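Protein chains in written order, with our numbering: chain U, 15 to 138; chain Y, 4 to 296. Quick notes on the structure that follows.
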Amino acid sequence: MKAVLALTLLLPIAVAAADTLYFTALLGHVHQAPSRPSPSLTTIQCGHPLKAVSDPKVVVSGEWAHVAVADHKGFVWKRHLSEKRPDCFQARHPKFFDALQLDLAELYYWGRLYDHWEEGEVRP
Amino acid sequence: MIFLAALFSGALYAQAPVPAEARLPQEKELDVVDFQHVKDVLKKDGLMQEVKRKKDEVERIQGARVAQEKARHNWPSEDDFWPIASELWLVKNASTLKWDFERPEYGVEETLAQLLRTTGHVGKRFRILALDAPSPAHFNLPWTKQEYCLLFSVPFARTLDLSKLEIALLLLEEVLRAEEGWPRDLVRPAKLKDLVGSNFTGQKPDLTPVFEVGTALTAFLREKGYSFQQQFQLTRKMDTLLKAHPELWNAYVRLLGKIDRLVKSNPVHAGYLKLFPSPEMQLRWLAPEEKPL
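The following block contains the structure:
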């Protein structure tokens with residue numbers, strides 16, 4: 015894990031291909047390393063565009079995507095990414111969501127919540 | 004008299020057509036801006052229709068923009084409201100519920116999916132959050148119609164050394180409670196019905212129901228809890244569902260026995276009885292009726 019983090023932070027990253035992806039969870043984090051407890055680089059919200067980074071020097075497990083957002087390069091859980099712009103609560107009810115007046119700690123914890131949910135579906 | 008005769012003859016003269024060659028240049032210019040003539044030309048070229056089409060298009064866009072702006076002030080639907088209210092409650096109680104902790108992958112979701120499939124809950128989705136707090140041992144939060152939001156306590160599961168199946172059985176109880184509308188209908192704010200789907204253009208949205216849900220959930224967990232009647236109803240439903248699968252039914256009875264012994268012996272988990280009265284009674288309700296010979 016530390017090796018991945020070191021590679022990510024210290025070595026120059028060769029961006030071979032970059033595609034736009036959208037964040038689908040209500041709130042979430044771009045992590046320093048591809049693991050849930052890994053520290054957050056930044057908090058993002060639903061609909062935020064991210065660029066997929068393809069770097070042969072960074073080994074990422076199948077569940078995580080290596081992405082770039084603003085000045086940060088980090089990792090986001092793949093199940094929270096979509097190629098299509100998602101239908102977000104914040105977009106449907108922007109005034110209602112703004113009125114909640116979440117402080118930074120609440121935004122941080124709300125993002126962490128989406129790192130912890132285990133989701134499942136009962137398929138026939 | 005002479006004056007009136009002159010005026011009358013003048014009026015007659017004014018109405019008589021003037022020969023083209025006798026008209027002044029200024030009069031001829033007026034022909035150029037003959038509006039009827041211009042209108043006829045425009046009509047002939049189809050320009051009037053084009054102007055009308057453009058005007059309609061502008062009106063349509065303006066209408067859509069107004070509707071879009073109005074929609075931004077819509078109060079959410081119930082399916083949008085409950086997850087937001089429940090998640091906000093989780094966020095505000097992160098320090099007491101202790102869900103932001105590092106834990107091993109339990110893999111309960113596969114076992115629960117299998118159990119739900121066996122008991123006929125096909126097509127449903129669920130999300131599970133593990134807590135590092137001893138209470139609530141298990142719980143469900145109000146969510147959408149198609150999805151269940153389930154919580155379970157890792158310390159509780161660890162103390163009882165619960166298997167994945169046993170945790171899944173506790174979560175199945177929560178699924179059945181959610182189907183009954185518990186605790187959603189027990190913590191439902193009075194004014195929610197009026198606000199859902201309403202529009203608050205020109206005012207601030209009324210957020211009191213969001214915070215009322217949080218207060219009610221905390222009070223429910225700490226003080227109120229489920230009634231004996233609700234527990235009886237739930238236990239009968241579990242009995243009916245699991246009777247067709249004796250191995251599951253036996254596992255459920257063993258689980259209730261474990262919980263009963265724990266809550267009677269370990270004061271850390273004594274609060275369980277306040278929320279779920281009572282495993283001892285549940286075991287009695289599940290016991291086969293003794294028929295006189």
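We put the CB at the ideal spot given by N, CA and C, even for glycine. Source: prediction; values computed, not measured.
Next on the checklist: Give me the DSSP bridge partner(s) of residue 87(Y).
Outcome noted: The partner list for residue 87(Y) (beta bridge, DSSP) is empty, contrary to what the question assumes.
Checklist entry - Does the separation of the CB atoms of residue 33(U) and residue 66(U) fall below 9 Å? => result Going by C-beta atoms, residue 33(U) is nearer than 9 Å to residue 66(U).
Next on the checklist: Cutting at 6 Å between CB atoms, please list the residues of its own chain near residue 142(Y), excluding the five before and the five after it.
Outcome noted: Shown here for residue 142(Y): same chain residues with a beta carbon closer than 6 Å to its own, the five before and five after excluded, namely 154 in chain order.
Item to check | Beta-carbon separation (whole angstroms), residue 64(U) vs residue 128(U), contact threshold 8 Å | outcome: With a beta-carbon spacing of about 15 Å, residue 64(U) and residue 128(U) fall beyond the 8 Å limit used to define contacts.
Item to check | Neighbour flag for residue 143(Y) against chain U, beta carbons, 9 Å | outcome: By this cut-off, residue 143(Y) is not an interface position.
Item to check | Contact under 9 Å by Cβ, residue 77(Y) with residue 202(Y) | outcome: Yes, the pair counts as a contact, with Cβ atoms nearer than the cut-off.
Item to check | Beta-bridge partners of residue 163(U), as assigned by DSSP | outcome: This structure cannot settle anything about residue 163(U), because the visible part of chain U is limited to 15 through 138.
Checklist entry - Three-state secondary structure (DSSP) at residue 73(Y)? => result In this structure, residue 73(Y) counts as helix in the three-state DSSP scheme.
Checklist entry - Are any of the Cβ atoms in chain Y nearer than 9 Å to that of residue 109(U)? => result Nearest CB-CB separation between residue 109(U) and chain Y: below the 9 Å threshold.
Checklist entry - Which residue comes first and which comes last in the beta strand (DSSP E) that contains residue 56(U)? => result Element bounds for residue 56(U): 54-59.
Item to check | Separation of residue 35(U) from residue 213(Y), as counted between CA atoms | outcome: Cα to Cα, the separation comes out at about 31 Å.
Next on the checklist: Quick test of the definition: if touching needs 3 or more C-beta pairs under 8 Å, does the region 109-127 of chain Y touch the region 218-238 of chain Y?
Outcome noted: Under the three-pair Cβ rule at 8 Å, the region 109-127 of chain Y does not count as touching the region 218-238 of chain Y.
Item to check | C-beta contact flag for residue 190(Y) and residue 145(Y) at 9 Å | outcome: Yes, the Cβ-Cβ distance between residue 190(Y) and residue 145(Y) is below 9 Å.
Item to check | Length of the line joining the Cα atoms of residue 55(Y) and residue 45(Y) | outcome: Cα to Cα, the separation comes out at about 12 Å.
Item to check | Minimum C-alpha distance to residue 255(Y) - residue among 266(Y), 241(Y), 267(Y), 264(Y) | outcome: Minimum Cα distance to residue 255(Y) is reached at 241(Y).
Next on the checklist: Let me confirm a value: residue 89(Y) is counted as buried when at least 16 other C-beta atoms fall within 10 Å, else exposed. Which label applies?
Outcome noted: Under this definition residue 89(Y) is a buried residue.
Next on the checklist: What would DSSP say about residue 63(U), mapped onto helix, strand or coil?
Outcome noted: Residue 63(U): strand per DSSP, three-state reduction.
Item to check | Identity of the residue in 231(Y), 275(Y), 278(Y) nearest residue 287(Y) by Cα | outcome: Nearest option by C-alpha distance: 231(Y).
Checklist entry - Are there 16 or more other CB atoms within 10 angstroms of the CB of residue 193(Y), so buried, or fewer, so exposed? => result Its Cβ having fewer than 16 others within 10 Å, residue 193(Y) is exposed.
Checklist entry - Does the Cβ-Cβ distance between residue 106(Y) and residue 136(Y) come in under 9 Å? => result No, the Cβ-Cβ distance between residue 106(Y) and residue 136(Y) is not below 9 Å.
Next on the checklist: Threshold first: 4 residues or longer. Then list the alpha helix (DSSP H) segments lying entirely within the region 94-170 of chain Y, N to C.
Outcome noted: DSSP runs (the alpha helix (DSSP H)) wholly in the region 94-170 of chain Y: 97-100, 111-121, 157-162.
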